[in-house]
Amino acid sequence: QDSYDIALISKGFQHQFWQAVKAGADKAAAEFGATVTFEGPETESQVDRQMDMLAAALSRKPDAIGFAALDSQAATPLLQQAKDAGIPVIAFDSGVDSDIPLTTATTDNVAAAALAADKMAELIGGEGKVAVVAHDQTSRTGIDRVDGFVNRMKEAYPKIEVVSVQYGGGDQLQSTEIAKSILLANPDLKGIFGANEGSAIGVVNGKTELNSNIVVIGFDSGAAQKGFIESGAMAGAITQNPVGIGYETVKAAISALKGETLPPVIDTGFYYYDKATMANPEIAAVLYD
Amino acid sequence: MDALIELIGIGKSFPGVRALHNVNFDLQAGEVHALMGENGAGKSTLMKILSGVYRRDAGDIRLDGKPVEIGSPRQAQEMGIGIIHQELALMRDLTAAQNIFIGREPRQLGGWLLDEKALNRATQTIFDSMNLKLAPTVPVGSLTVAKQQMVEIAKALSYRSRILIMDEPTAALNDAEIAELFVIINRLKAEGVGIVYISHKMDEIKRISDRVTVMRDGEYVGTVPAATTSMETIISMMVGRTLSNDALVVPNTSAAPVALEVRNLNRGREIRDVSFSVRQGEILGLAGLMGAGRTEVARAIFGADPRDSGEIWVNGQRVGISTPGDAVHAGIGYLSEDRKHFGLATGMNVRNNIALASLARFTRPGGLLDDGAMRKVAERYIGQLSIKTPSDTQEARLLSGGNQQKVVIAKWLLRDCDILIFDEPTRGIDVGAKSEIYKLLIALAAEGKAIIVISSELPEVLRLSHRIAVMCEGRLTGMLPGGASQEEIMHLATQRQSSVIETTNQRKTA
Amino acid sequence: MTDTALPAGKRGVRISGAFHRLLAFSGLIALVVVFSLASPNFMQTQNVLAILQATSVNGVLAIAATLVIITGGIDLSVGTLMTFCAVITGVVLTYFGLPLPVGIVASILAGTGVGLVSGTIIAKLKVPPFIATLGMMLILKGLSLVISGTKPIYFNDTPGFTQIAQGSFVGAIIPAIPVPNGVMILFLVAGLAAFVLTKTALGRYTFALGSNEEAVRLSGVNIDRWKIAVYATAGGICGVAGLLIASRLNSAQPALGQGYELDAIAAVVIGGTSLSGGRGTVIGTLIGALIISVLANGLRILSVPQEWQTVVTGTIIILAVYADILRRRNL
Amino acid sequence: MTDTALPAGKRGVRISGAFHRLLAFSGLIALVVVFSLASPNFMQTQNVLAILQATSVNGVLAIAATLVIITGGIDLSVGTLMTFCAVITGVVLTYFGLPLPVGIVASILAGTGVGLVSGTIIAKLKVPPFIATLGMMLILKGLSLVISGTKPIYFNDTPGFTQIAQGSFVGAIIPAIPVPNGVMILFLVAGLAAFVLTKTALGRYTFALGSNEEAVRLSGVNIDRWKIAVYATAGGICGVAGLLIASRLNSAQPALGQGYELDAIAAVVIGGTSLSGGRGTVIGTLIGALIISVLANGLRILSVPQEWQTVVTGTIIILAVYADILRRRNL
Ligand SMILES: Nc1ncnc2c1ncn2[C@@H]1O[C@H](COP(=O)(O)OP(=O)(O)OP(=O)(O)O)[C@@H](O)[C@H]1O
Ligand SMILES: Nc1ncnc2c1ncn2[C@@H]1O[C@H](COP(=O)(O)OP(=O)(O)OP(=O)(O)O)[C@@H](O)[C@H]1O
Ligand SMILES: [Mg+2]
Ligand SMILES: [Mg+2]
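Structure representation (structure tokens):
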């Protein structure tokens with residue numbers, strides 16, 4: 037076989053994070069001679085839509101499947117189908133509660149958000165009010181990042197109070213309005229953590245529109261966030277390695293097709309970056325536009 | 057002299073219906089040419105072809121002797137053909153003036169802006185010329201059918217057409233308004249306008265028309281001069297037989313129990329302290345001019361509108377009626393004057409419309425409908441009322457106006473109420489069917505039903521009523537015995553300001 | 050408005066229900082033919098079953114929406130009501146540990162109950178259906194999150210729950226065509242709804258309300274009662290959809306549902322039901338729902354990039370409806 | 050349907066536009082009063098400005114939707130059309146590097162052009178507005194992604210671009226009330242739309258079409274042309290919304306926009322415009338849009354948990370409209 041056909045079913049499609057994962061996957065595909073398709077539902081709550089995508093991918097009879105489960109239980113029967121058909125499955129972004137995927141290329145979101153909490157605490161001097169604007173109340177990444185941040189604050193920084201956690205669906209405009217409301221309701225607020233790219237951008241927009249000078253910590257990268265960090269509007273952000281996730285997923289799939297053995301988890305890592313560290317090669321490598 | 061317009065051998069079919077076949081018609085300048093025929097004869101269809109609404113399947117149209125194609129209402133207008141449609145075609149959310157000048161609004165500032173003042177002024181001028189008391193700025197949806205009809209007439213006049221088609225313009229009008237319309241028609245005639253006049257009111261034909269063309273079942277029967285042809289001849293051309301005109305027989309119902317009693321009914325300014333009663337087997341005529349409040353009284357009794365105060369007694373029992381459902385339960389049926397909006401489910405078929413008020417009767421355990429029984433009943437009424445329809449599954453909106461009205465009547469006959477209120481039951485109904493309906497009402501009364509007939513046609517009220525209640529401005533101004541004279545009724549009905557300004561020339565034509 | 054105002058003459062020709070169905074079908078068939086030719090994988094049993102399975106939830110929701118739309122109303126809450134019912138089932142089965150049949154009944158009752166409330170708000174308070182069901186959509190969305198504690202509720206303690214949608218009763222008898230139960234339930238709901246619409250008083254009033262509500266009222270019919278009944282029935286059907294989606298996902302996902310109303314209404318309208326009420330068929334809606342899922346599946350099978358899938362879907366939806374209009378006109 | 054079937058007599062009483070406005074206002078005022086009492090932060094200048102700013106995009110979209118809805122149609126594509134126009138502006142300004150005025154014109158032209166296409170599909174091909182604009186919604190969503198390469202386009206090379214929505218021309222003159230330009234643009238669009246609706250032929254036909262399209266046609270008016278003009282105008286207004294959102298986010302976000310149509314239509318209906326056409330006001334829509342954003346802002350200011358925010362919003366939308374109905378009835 038000259039070119040492998042690999043279907044990636046992701047949790048989303050239009051967001052820059054997923055586009056970066058796609059870019060990584062495309063890169064690996066070009067390198068290893070595979071064709072890759074990349075699909076994901078509209079929002080991270082549409083579990084059933086993702087099932088339909090997975091089912092259609094299976095009908096296509098690809099050589100391998102990469103899958104970022106919105107809900108791992110729901111996917112079990114279809115994953116079983118893949119296994120029965122001898123199609124290797126690689127999990128990415130977050131784990132699948134199943135022994136079918138041969139490996140998982142992922143970020144530890146809880147730990148990543150805890151790191152954001154540490155940085156926030158450091159920047160506001162260990163006390164005061166902070167808030168979180170997150171993207172989704174029920175998706176895995178939404179829950180993990182909010183929990184990671186809030187729990188870390190509770191455990192390690194008793195003088196810091198998380199006064200509000202609100203969700204803007206990752207929509208920049210809605211997140212802007214939410215951030216403004218939080219700021220106006222809590223004039224003494226010290227910082228806001230924006231738990232994904234859209235939320236983070238919204239928080240900075242809100243801050244700018246109200247001429248506030250709170251500390252903002254973001255998540256992921258993208259041209260806007262990088263620009264904000266450059267200009268100082270955002271103190272720093274956590275970045276995962278989405279390009280790496282996509283790349284490793286496709287690479288693992290091809291290894292599997294070649295019969296090589298895979299480690300159970302491929303940790304693609306996360307970093308905190310700010311104006312000072314942004315240009316470091318190891319960080320610059322995982323940032324995307 | 058060339059005819060203004062000539063229709064030769066026109067044919068038109070709808071799925072399942074041959075509406076027109078080889079019909080001829082011509083119109084001279086300065087004449088009123090009446091088009092007569094039973095419900096569903098094809099009059100409206102022929103006129104819709106002439107006004108660009110429908111395309112003909114066969115035949116020729118000549119305008120001033122030259123063959124023409126009339127492809128759209130706009131083209132018809134450009135050729136000087138104006139029409140007042142039988143079914144009102146108004147924009148209910150717009151004002152009277154906006155309706156009249158739709159598509160031809162006066163502009164200002166180089167055409168960019170509407171000149172609302174000029175619009176209202178122009179409308180006022182037309183209204184004045186019609187002696188019509190109506191504000192140009194009134195929203196049309198809030199007007200009664202009669203006033204809406206006047207707006208339609210004003211609209212048609214505003215086009216200054218050479219050919220003016222009037223499809224049952226007087227169906228909703230009272231005598232004063234009709235008289236006013238005839239003044240206008242005579243004026244137009246004198247200006248050389250040719251007028252096609254469709255009406256089921258036979259007396260009007262004699263009064264206004266020069267020639268009469270009769271159609272039957274979509275075919276051309278003949279054209280006769282109006283002056284020298286007797287009414288009986290025209291009617292027999294229409295229905296293919298002669299009609300007997302039974303005289304009014306007033307039965308003695310004084311001993312019969314009172315079926316419906318209304319006590320001190322009040323509702324705003326429309327109904328003021330109205331009390332009356334109807335006995336079983338009695339037909340009570342409710343007469344009055346337009347806006348007298350007859351419809352309002354009927355709707356209030358029926359629970360269609362809330363009432364401010366008043367009691368309703370049925371068969372000696374006080375009944376609390378707050379919805380039409382309550383009224384029907386109490387045995388009261390109401391046939392509305394506005395069939396299109398309040399009578400028919402136009403998108404449904406004839407069968408379902410007939411059964412609409414009696415569905416419970418056809419419902420088997422488990423909510424299942426007995427469609428077979430419904431069909432039988434529907435077919436019975438189609439036969440009994442000679443409703444012209446290809447089948448009982450034809451959609452109601454595809455029937456001719458008069459046949460739609462018969463469907464609504466059938467609905468209430470089927471419901472079998474003890475008390476029936478008919479609001480303008482023969483509006484748009486042809487002479488043949490009219491006499492059938494009269495027979496029917498009389499038969500219903502003979503069965504012991506109490507009947508109230510609201511009619512703006514005095515001859516009809518006189519022809520049917522055992523007693524006549526007359527209303528004016530929301531008040532009951534008098535109760536007359538059957539066989540009273542028109543003058544007595546008019547005397548009671550005119551203790552008010554008319555919406556039409558009484559003028560001398562009105563008397564001249566009336 | 051637009052519909053009733055169609056030129057009454059030759060152009061606004063009505064065609065019989067049976068024939069219309071055939072016509073709407075042809076759009077679907079055209080799509081199927083194109084995709085079959087384009088990809089050998091399309092017409093394989095497994096994929097056909099996948100398409101049907103993908104239709105089941107939207108199909109059931111669309112049937113609920115059909116009833117309401119025929120009355121001249123609209124129901125924006127079908128999607129979140131489905132979720133709400135799924136969450137209720139989750140609470141009954143997983144939190145309370147009650148047996149499966151109780152969960153099934155609870156879902157349908159919850160749907161019916163919410164439908165009753167929506168119907169009452171619309172009929173008695175005269176709030177326009179768009180607003181009443183928009184409000185209800187938001188209320189149910191919030192309540193699902195509240196009740197579930199913003200977490201999915203899993204049905205791991207109820208063995209057999211996944212069988213509701215994923216099992217195959219048919220396959221157990223005829224192994225060659227393992228049609229999932231979810232699909233059979235869709236057909237069952239469709240059959241029942243078609244029966245109700247054409248054969249019962251409820252159905253007749255549904256059409257009558259959409260045709261001319263005031264005329265029905267003046268015929269002495271208690272229109273409030275029937276309107277409420279229609280919304281309640283639609284709600285019950287959403288309860289069935291709630292069971293289907295919960296069974297497919299083996300969980301009640303509280304955040305899902307918003308946006309599904311648009312797909313459901315689209316299926317209804319593609320299927321020839323008029324948004325101004327008075328006209329519509331269940332079979333048309335089924336075909337509309339199938340068109341939507343065949344499109345989605347076919348474009349995925351052909352590996353069309355996702356952004357282009359959207360463009361093509363939009364174009365084909367317009368073309369499908371236009372073709373239908375053309376065919377009717379040329380009758 | 051329901052609306053046109055109102056009894057023709059006394060009950061169908063019309064109230065003057067001015068009075069109706071006052072009534073709808075009272076729902077808004079009630080909300081403002083409640084929130085002011087509940088939180089001292091609510092009525093602060095900055096928060097009031099935040100609410101207005103938050104209304105600007107949805108308000109402009111809702112005005113576009115108002116025009117279409119008055120004709121008896123519907124436009125589901127307002128949200129994605131806004132995004133499409135923003136992307137076009139991004140291409141013109143950032144990719145092609147053309148000067149700011151060109152970008153502004155491009156956005157409005159793009160919106161008008163798309164509106165022309167939608168209008169033509171609806172008027173000429175007789176595709177129902179729901180389907181035509183649903184299809185258009187999907188097409189534009191896909192095209193925005195395609196054109197932008199699924200990446201946001203930033204306006205960093207166009208200094209002053211953020212001033213369109215975020216700057217304050219008023220504040221430069223009267224520093225005490227720094228009303229953002231975005232809000233002024235909303236008011237400007239509202240004023241223009243109200244003017245068009247009440248004073249021009251386009252407005253007259255907009256109402257006439259919604260009132261009785263067939264009657265307009267029988268009056269010899271070229272209804273297709275006017276219908277297309279209405280959709281094109283609405284499209285142009287969406288172009289303005291595209292500029293506003295792009296300026297606020299200093300970027301064209303290609304993935305955003307779907308779902309915005311529901312908020313816009315909700316604002317229209319809350320504002321008293323009838324979905325069956327023929328009736329509506331721009332001021333009502335403005336108030337509807339304000340009600341939506343006051344609610345969202347107030348609940349956030351009070352830190353109501355998100356899931357309860359949704360429940361409360363749904364409930365209040367229903368209550369606000371019901372209160373309006375009650376008041377009109379008791380007139
Ligand atoms: N659009 C249509 N589709 C099908 N049949 C139609 C249509 N329009 C009219 N018809 C049928 O054509 C015949 C002629 O109808 P038309 O309206 O011309 O009668 P008419 O003479 O005006 O009757 P009326 O006095 O009751 O108004 C009727 O049988 C009617 O049912
Ligand atoms: N839009 C309106 N606004 C105010 N009053 C109205 C309106 N329409 C009708 N009315 C009034 O309602 C009253 C009763 O009208 P109704 O229609 O009951 O009269 P009617 O005797 O049945 O006459 P018609 O021959 O018109 O049916 C009249 O005083 C009339 O002027
Ligand atoms: Mg006629
Ligand atoms: Mg009357």
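Chains as they are written, first to last, in our numbering: chain A, 37 to 325; chain B, 57 to 566; chain C, 50 to 380; chain D, 50 to 380.
We treat Cβ as the ideally placed atom computed from N, Cα and C, and that holds for glycine.
(1) Just grab the DSSP bridge partners of Val335(B) for me.
(2) With distances taken from CA atoms, which of Glu338(B), Gly344(B), Gly324(B) is nearest Ala356(B)?
(3) Within 10 angstroms of its Cβ, does Trp168(B) collect 16 or more other Cβ (buried), or is it exposed?
(4) Does any C-beta atom of chain B lie closer than 9 Å to the C-beta of Gly76(C)?
(5) Here's the rule: buried if 16 or more other CB atoms are within 10 angstroms of the residue's CB, otherwise exposed. What is Thr53(C)?
(6) Please report the straight-line C-alpha distance between Gly327(D) and Val318(D), rounded to a whole angstrom.
(7) Would Lys200(C) pass as an interface residue toward chain A - the criterion being a Cβ-Cβ separation below 9 Å?
(8) Would you mind giving the Cβ-Cβ distance between Asn241(A) and Phe255(A), rounded to the nearest angstrom? I have them listed as a contact below 8 Å.
(9) Between Ala301(D), Thr334(D), Ile294(D), Leu251(D), which lies nearest to Ala278(D) when the distance is taken from Cα to Cα?
(10) If Leu110(D) sits next to Tyr309(D), beta carbons under 8 Å apart, how far is it from one beta carbon to the other, in whole angstroms?
(11) What are the boundary residues of the alpha helix (DSSP H) that includes Asp273(D)?
(12) Starting from Val201(A), follow its DSSP beta bridges and name the residues at the other end.
(13) Using CA coordinates, which residue listed in Ser88(D), Ile171(D), Leu149(D), Val176(D) is at the minimum distance from Gly320(C)?
(14) In chain order, what residues of the region 181-198 of chain C put their CB closer than 9 Å to some CB of chain D?
(15) For my contact list, Ile45(A) and Phe103(A) are in at a C-beta cut-off of 8 Å; report their separation, rounded to the angstrom.
(16) Answer with yes or no whether the minimum CB distance from Tyr144(D) to chain A is below 9 Å.
(17) Identify the contact partners of Ile294(D) in chain A, using a Cβ-Cβ distance below 8 Å as the criterion.
(18) Report buried or exposed for Leu86(C), applying the criterion of at least 16 other Cβ atoms within 10 angstroms of its Cβ.
(19) Measuring only the C-alpha atoms, how far is Gly216(C) from Ala127(A)?
(20) Which residue wins for smallest C-alpha separation from Leu267(D), given the options Ser128(B), Ile510(B), Glu236(B), Ala360(B)?
(21) Among residues of its own chain, excluding the 5 on either side of Gly166(B), which ones have a beta-carbon nearer than 7 Å to its beta-carbon?
(22) Taking 9 Å as the cut-off, decide whether the C-beta atoms of Ile281(A) and Arg349(D) are in contact.
(23) Taking the CB atoms as reference points, tell me whether Ser156(C) and Gly306(C) lie closer together than 9 Å.
(24) So the beta strand (DSSP E) His39(B) belongs to, where does it begin and stop?
(25) Within 10 angstroms of the Cβ of Ser310(B), are there 16 or more other Cβ atoms? Answer buried if so, exposed if not.
(26) Please confirm whether Gly259(D) has its beta-carbon closer than 9 Å to some beta-carbon of chain B.
(27) Per the contact definition of three or more C-beta pairs closer than 8 Å, is the region 65-80 of chain A in contact with the region 302-322 of chain A?
(28) Can you pull the DSSP bridge partners for Leu425(B)?
(29) Who does Phe133(D) pair with in a DSSP beta bridge?
(30) Would you identify the three-state DSSP class for Phe183(B), choosing helix, strand or coil?
(31) Where does the unbroken alpha helix (DSSP H) through Lys243(A) begin, and where does it stop?
(32) Report, in whole angstroms, the separation of the C-beta atoms of Ser521(B) and Val509(B), which I expect to be a contact under 8 Å.
(33) Tell me the start and end of each unbroken beta strand (DSSP E) in the region 466-542 of chain B that is at least 3 residues and wholly inside, in chain order.
Checking against the coordinates, here is how it stands:
(1) If you number the second sequence from 1, residue 335(B) lands on position 279. Note that residue 335(B) is Arg in the sequence shown, not Val. Note: Arg335(B) sits in a beta bridge opposite Val314(B).
(2) Along the second sequence, read from residue 1 onward, the residue named residue 356(B) stands at position 300. Comparing Cα-Cα distances from Ala356(B) to each of Glu338(B), Gly344(B), Gly324(B), the minimum goes to Gly324(B).
(3) Taking the second sequence and counting its residues from 1, the one referred to as residue 168(B) is at position 112. It is exposed - the Cβ of Trp168(B) has fewer than 16 other Cβ atoms within 10 Å.
(4) For this step, residue 76(C) is matched to residue 27 along the third sequence. With 9 Å as the cut-off, Gly76(C) does not count as an interface residue toward chain B.
(5) In the third sequence, counting from the first residue as 1, residue 53(C) sits at position 4. For Thr53(C), the pLDDT reaches just 36, beneath the cut-off of 50, and the residue's location in the model is therefore unreliable, although a value from the coordinates is still provided. Thr53(C) is buried by the Cβ-count criterion.
(6) For the purposes of this step, residue 327(D) is taken as residue 278 along the fourth sequence, with counting starting at 1. For the purposes of this step, residue 318(D) is taken as residue 269 along the fourth sequence, with counting starting at 1. Those two C-alpha atoms are separated by around 13 Å.
(7) Along the third sequence, read from residue 1 onward, the residue named residue 200(C) stands at position 151. Answer yes: the Cβ-Cβ gap between Lys200(C) and chain A drops below 9 Å somewhere.
(8) Counting from 1 along the first sequence, the entry for residue 241(A) is found at position 205. Counting from 1 along the first sequence, the entry for residue 255(A) is found at position 219. That pair is no contact at about 15 Å.
(9) For this step, residue 278(D) is matched to residue 229 along the fourth sequence. Measuring from the Cα of Ala278(D), the nearest candidate turns out to be Leu251(D).
(10) The residue given as residue 110(D) occupies position 61 in the fourth sequence. The residue given as residue 309(D) occupies position 260 in the fourth sequence. Indeed, because the Cβ distance is near 6 Å, the residues count as touching under 8 Å.
(11) Within the fourth sequence, the letter at position 224 stands for residue 273(D). Per DSSP, the unbroken alpha helix (DSSP H) holding Asp273(D) starts and ends at 272-298.
(12) Stepping through the first sequence from its first residue, residue 201(A) is reached at position 165. BP columns for Val201(A) point to Val168(A).
(13) On the third sequence, position 271 is the one that residue 320(C) refers to. Between Gly320(C) and the set Ser88(D), Ile171(D), Leu149(D), Val176(D), the nearest pair of CA atoms involves Val176(D).
(14) Flagged, chain order: Ala181, Leu183, Gly184, Met185, Met186, Leu187, Ile188, Leu189, Lys190, Gly191, Leu192, Ser193, Leu194, Val195.
(15) Position 9 of the first sequence holds residue 45(A). Position 67 of the first sequence holds residue 103(A). About 5 Å separates the two Cβ atoms, so the contact holds.
(16) Within the fourth sequence, residue 144(D) is the residue found at index 95, counting from 1. Output row for Tyr144(D): interface = no.
(17) The count along the fourth sequence starts at 1 and reaches residue 294(D) at position 245. The answer, in chain order, is Leu209.
(18) Stepping through the third sequence from its first residue, residue 86(C) is reached at position 37. Exposure of Leu86(C) is indicated by the presence of fewer than 16 other C-beta atoms within 10 angstroms of its C-beta.
(19) Taking the first residue of the third sequence as position 1, residue 216(C) is located at position 167. Taking the first residue of the first sequence as position 1, residue 127(A) is located at position 91. About 26 Å.
(20) Counting from one through the fourth sequence, the residue named residue 267(D) turns up at place 218. Closest by alpha carbon: Ser128(B).
(21) Your numbering for residue 166(B) matches position 110 in the second sequence. Counting only Cβ-Cβ distances below 7 Å, and skipping sequence neighbours, we find nothing.
(22) Position 245 of the first sequence, counting from 1, holds the residue named residue 281(A). Position 300 of the fourth sequence, counting from 1, holds the residue named residue 349(D). Against a cut-off of 9 Å, the Cβ pair of Arg349(D) and Ile281(A) comes out as no contact.
(23) What you label residue 156(C) is simply residue 107 of the third sequence in a count that begins at 1. What you label residue 306(C) is simply residue 257 of the third sequence in a count that begins at 1. No, they are not a contact pair.
(24) Examination of residue 39(B) is not possible in this model, given that chain B is present from 57 through 566 alone.
(25) Counting from one through the second sequence, the residue named residue 310(B) turns up at place 254. Counting Cβ neighbours within 10 Å, Ser310(B) comes out exposed, since fewer than 16 surround it.
(26) By 1-based counting over the fourth sequence, the position of residue 259(D) is 210. Yes, Gly259(D) lies at the interface with chain B (some Cβ there is under 9 Å from its Cβ).
(27) No, they do not touch.
(28) Your numbering for residue 425(B) matches position 369 in the second sequence. Its beta-bridge partners are Thr419(B).
(29) Residue numbering aside, residue 133(D) sits at position 84 when the fourth sequence is read from its first letter. Per DSSP, none; premise fails for Phe133(D).
(30) As a position in the second sequence, residue 183(B) is number 127, starting the count at 1. Phe183(B): helix per DSSP, three-state reduction.
(31) Residue 243(A) sits at position 207 when you count from the first residue of the first sequence. Its alpha helix (DSSP H) spans residues 233-245.
(32) Sequence index remark: in the second sequence, residue 521(B) carries index 465 (1-based). Sequence index remark: in the second sequence, residue 509(B) carries index 453 (1-based). Ser521(B) to Val509(B), Cβ: 7 Å. Contact.
(33) Runs found: 475-479, 506-510, 523-528, 531-537.
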